[in-house]
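Heads up: the structure comes next, in structure tokens.
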Amino acid sequence: NPRNALNFSGGPGALPETVLQQLSEALIREPVTGLSVLGISHRSKWFAEVVDELEANILGLLGIQRGYQVLFLQGGATQQFSMIPMTLLRGVSAPAEYLQTGYWSQKAIPEARREGPVRVLWNGQPEQYQRLPQAYELASAPDAPYLHYASNETVEGMQFQYVPGLDSVPRICDMSSDFLSRPCPAERYALIYAHAQKNIGPAGVTVVLLRDEIIERVPDNLPGFLDYRAQANARSNFNTPPVFAIYTMLLVTRWLKQDIGSLSAMDQINQQKAQRVYAQLDASNGFYRGRARREDRSLMNVSFNLATPELEQQFLRSAEAAGLSGLGGHRSVGGLRASLYNAVTLAAVDTLVSFMADFAHQHR
Ligand code: PMP
Numbered sequence: 002n003p004r005n006a007l008n009f010s011g012g013p014g015a016l017p018e019t020v021l022q023q024l025s026e027a028l029i030r031e032p033v034t035g036l037s038v039l040g041i042s043h044r045s046k047w048f049a050e051v052v053d054e055l056e057a058n059i060l061g062l063l064g065i066q067r068g069y070q071v072l073f074l075q076g077g078a079t080q081q082f083s084m085i086p087m088t089l090l091r092g093v094s095a096p097a098e099y100l101q102t103g104y105w106s107q108k109a110i111p112e113a114r115r116e117g118p119v120r121v122l123w124n125g126q127p128e129q130y131q132r133l134p135q136a137y138e139l140a141s142a143p144d145a146p147y148l149h150y151a152s153n154e155t156v157e158g159m160q161f162q163y164v165p166g167l168d169s170v171p172r173i174c175d176m177s178s179d180f181l182s183r184p185c186p187a188e189r190y191a192l193i194y195a196h197a198q199k200n201i202g203p204a205g206v207t208v209v210l211l212r213d214e215i216i217e218r219v220p221d222n223l224p225g226f227l228d229y230r231a232q233a234n235a236r237s238n239f240n241t242p243p244v245f246a247i248y249t250m251l252l253v254t255r256w257l258k259q260d261i262g263s264l265s266a267m268d269q270i271n272q273q274k275a276q277r278v279y280a281q282l283d284a285s286n287g288f289y290r291g292r293a294r295r296e297d298r299s300l301m302n303v304s305f306n307l308a309t310p311e312l313e314q315q316f317l318r319s320a321e322a323a324g325l326s327g328l329g330g331h332r333s334v335g336g337l338r339a340s341l342y343n344a345v346t347l348a349a350v351d352t353l354v355s356f357m358a359d360f361a362h363q364h365r
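In full-length UniProt numbering, the protein residues as written are 2 to 365.
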């Protein structure tokens, strides 16, 4: 049976309907070239202009005037776990600082240890990753080569509401699951990275926004593919890039600028969406149990549990039958998770919330 499901997946996630419509046409004939977007050369003038406009859109949305470049790389966020310490930690004696606040920030740490010394500045694992550190709990060293953290823990559903670390230490952030979902003081970061497949496109491309001075510090002996300077010099065209994924990101940034208006406007919508789902959790008298401490709740990923795994399975089956897809928690923690990325509409959230109210009513 043909279905029309709503996508609450943790990623790859929902994309804006208008972007999907433009893509479906561009698959056959992209309007400027008259060619299928899947068959346009990465060496074409058209593609160079796509990269230029996309970079300008990202810098514009973030309000950055100068001093940064935007790269579009392959290898996912996972490759950045390695490229960052390869660039900034080889041969360095002071330890890089890492915040271990959940599943994804924890994954970055062993990759950094291969390259040099690491100090875990804060570890939330003993508390089962149910809260983020408060600023006063972070004793950063002024001589650390950099501080790395994840702004949004996709699995546990926790999001930083402040910028941790010292402004004098290069700050590096994995924003894979909340990039371009809210305004961000990008100029306080040395490097921000985010794979596309949550808020900004399909899998296959990762945005790296970095200060010019990081590019200047790249060691000489890295493989070209893993060298930010080589990638920057090639304008993200070092080898055949994922043209389709990059073009999709361009359409998403146009949608943010033209249809939504700004990152503040996007944030307002995202706040309303999350508020409605959390209000449903909080009004359920413990039927739905939010995973994260209230102050650290993510606007992007609402992770929660029911009384038993059996009831959670029943929830997932009923949701699937009602056309609500992707609500299972990450395989590492189980439970349930509603992901509310930019393209998830308020109307979709209202459908989810009324489903949750009905389910609680029937199974209480
Ligand atoms: N960081 C975060 C915050 C993530 O959510 C994920 C994946 N969901 C990753 C890193 C890993 O990304 P990738 O699969 O693109 O390497």
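All residues carry an ideal CB built from backbone N, CA and C; glycine is no exception. None of these values were measured; they are calculated from a predicted model.
* Identify whether Leu122 lies in helix, strand or coil by the three-state DSSP scheme. => By one-based count along the sequence shown, residue 122 stands at place 121. Strand.
* Taking 7 Å as the cut-off, does the CB of Asp175 come closer than this to any heavy atom belonging to ligand 1? -> The residue given as residue 175 occupies position 174 in the sequence shown. Checking the Cβ of Asp175 against ligand 1 gives yes.
* Asked: Closer than 7 Å: is that where the CB of His196 sits relative to any heavy atom of ligand 1?
  -> Position 195 of the sequence shown holds residue 196. Because some heavy atom of ligand 1 lies under 7 Å away, the Cβ of His196 counts as near it: yes.
* Asked: With burial defined as no fewer than 16 other Cβ atoms inside 10 Å of the residue's Cβ, what is the status of Thr309: buried or exposed?
  -> Mapped onto the sequence shown, residue 309 falls at position 308. Thr309 comes out exposed.
* Pull up the DSSP beta-bridge partners for residue 369, would you. => Any property of residue 369 remains undetermined from this structure, which presents the chain solely from 2 to 365.
* Asked: Roughly how many angstroms lie between the CA atoms of Tyr163 and Glu313, to the nearest whole one?
  -> Locating residue 163 in the sequence shown gives position 162, where the first residue counts as 1. Locating residue 313 in the sequence shown gives position 312, where the first residue counts as 1. In a straight line, the C-alpha of Tyr163 is about 33 Å away from that of Glu313.
* Can you grab the Cα-Cα spacing for the pair Ile29 / Arg212, in whole Å? => Taking the first residue of the sequence shown as 1, we reach residue 29 at position 28. Taking the first residue of the sequence shown as 1, we reach residue 212 at position 211. Cα to Cα, Ile29 sits roughly 38 Å from Arg212.
* Look up Gln315 in the DSSP assignment and say whether it is helix, strand or coil. => Translated into the one-based positions of the sequence shown, residue 315 becomes position 314. Gln315 falls in the helix class under three-state DSSP.
* Taking Leu223 as the reference, which of Lys46, Glu18, Ile59 and Arg91 has the closest Cα? -> For the purposes of this step, residue 223 is taken as residue 222 along the sequence shown, with counting starting at 1. If we check each option's Cα against that of Leu223, Arg91 comes out closest.
* Asked: If you measure from the CB of Trp47, is any heavy atom of ligand 1 nearer than 7 Å?
  -> Your numbering for residue 47 matches position 46 in the sequence shown. Outside the cutoff, so no.
* If you scan the stretch 119 to 162 from start to end, which runs of the beta strand (DSSP E) of 3 or more residues do you find wholly inside it? -> 119 to 124 and 148 to 151
* How many angstroms separate the CA atom of Gly68 from the CA atom of Val244? -> As a first step, residue 68 is located in the sequence shown; it is residue number 67 there, counting from the start. As a first step, residue 244 is located in the sequence shown; it is residue number 243 there, counting from the start. Taking the straight line joining both Cα atoms gives about 26 Å.
* Given 8 Å as the limit, is there contact between the stretch 127 to 145 and the stretch 266 to 274, that is, 3 or more CB pairs closer than that? -> no
* Of all the options Arg298, Ala145 and Phe316, which has the alpha carbon lying nearest to the alpha carbon of Asp168? -> Your numbering for residue 168 matches position 167 in the sequence shown. Ranking Arg298, Ala145 and Phe316 by Cα distance to Asp168 puts Ala145 first.
* To do: Measure how close the beta-carbons of Ser340 and Asn302 come, nearest whole angstrom, since I'm counting them as under 8 Å.
  => Stepping through the sequence shown from its first residue, residue 340 is reached at position 339. Stepping through the sequence shown from its first residue, residue 302 is reached at position 301. Contact holds; Cβ gap of about 5 Å.
* Asked: Under the rule that 16 or more other beta-carbon atoms within 10 Å means buried, what is Gly287, buried or exposed?
  -> Here residue 287 refers to the residue found at position 286 of the sequence shown. Its Cβ having fewer than 16 others within 10 Å, Gly287 is exposed.
* To do: Compute the minimum distance between the beta carbon of Thr155 and the heavy atoms of ligand 1, and state whether it is under 7 Å.
  => Within the sequence shown, residue 155 is the residue found at index 154, counting from 1. Yes, the beta carbon of Thr155 sits closer than 7 Å to at least one heavy atom of ligand 1.
* Determine the closest residue to Ser304 out of Pro96, Leu353, Trp47 and Glu157, with distance taken between C-alpha atoms. => Here the question's residue 304 lines up with position 303 in the sequence shown. Comparing Cα-Cα distances from Ser304 to each of Pro96, Leu353, Trp47 and Glu157, the minimum goes to Glu157.
* To do: Whole angstroms is fine: what's the gap from Leu347's alpha carbon to Ile65's?
  => Within the sequence shown, numbered from 1, the residue matching residue 347 stands at position 346. Within the sequence shown, numbered from 1, the residue matching residue 65 stands at position 64. The straight-line gap from Cα to Cα measures roughly 29 Å.
* Asked: Where does Val278 sit, in a helix, a strand or coil, going by DSSP?
  -> The residue labelled residue 278 in the question sits at position 277 within the sequence shown. Note: Val278 maps to helix in three-state DSSP.
* Excluding the five sequence neighbours on either side, which residues of its own chain have a C-beta within less than 6 Å of the C-beta of Gln281, listed in chain order? -> Reading the sequence shown from its first residue, position 280 is the one you call residue 281. Hits under 6 Å: Val354 and Met357.
* To do: Assuming Arg294 contacts Arg44 (C-beta within less than 8 Å), just tell me the rounded distance between them.
  => Indexing the sequence shown from 1 puts residue 294 at position 293. Indexing the sequence shown from 1 puts residue 44 at position 43. Rounded, the Cβ-Cβ distance is 50 Å, inconsistent with contact.
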